[in-house]
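To keep things clear, I will list the structure first and then write my remarks on it.
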Amino acid sequence: MVLTGKPAWLTANFETNTTSAQTTEYGDFTGASLQTGNGIQPIREPRYVIEPIRDPEDRDLTNPTPAHIYRVTAMGFGPRLEAQAVLQMIYRN
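Note that the sequence shown covers residues 44 to 136 in the numbering used here.
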């Protein structure tokens, strides 16, 4: 796997929730749900993207199957679509 170009979280549109979206909606794989709607509830479900990154601790650049860590970027929404919060973390298994 060769990773080049811009990080996925910089090119993904977190506001798109169509089937061709580059992000995943909260609960797509688990069936979990979050109450959304009017008032003080979020206007829509949070969305996230997970991208593999070569593990910087794997210093063997000749390794054909290098180790990876994962960058998870999530965006949550407030009562209006313009109210957004982004959280990012690195996950190492």
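The beta-carbon is built from N, C-alpha and C at its ideal position, and this holds for glycine as well. In this text, all values refer to a predicted model and were calculated from it rather than measured experimentally.
Counting along the chain, A117 sits inside the beta strand (DSSP E) bounded by residues H111 to F120. Following the DSSP letters along the chain, one finds A51 inside the alpha helix (DSSP H) bounded by residues A51 to T54.
Ranked by Cα distance from H111, the options W52, N136 and Y91 are led by N136. In this structure, the beta-carbon distance from R90 to F57 falls below 8 Å. A128 has G119 as its beta-bridge partners, per DSSP. The beta carbon of I83 lies closer than 8 Å to those of P122 in the same chain, with the five residues before and after it left out. Taking I133 as the centre and dropping the five residues before and after it, the same chain places the C-beta of I112 and R114 closer than 6 Å to its C-beta, in chain order.
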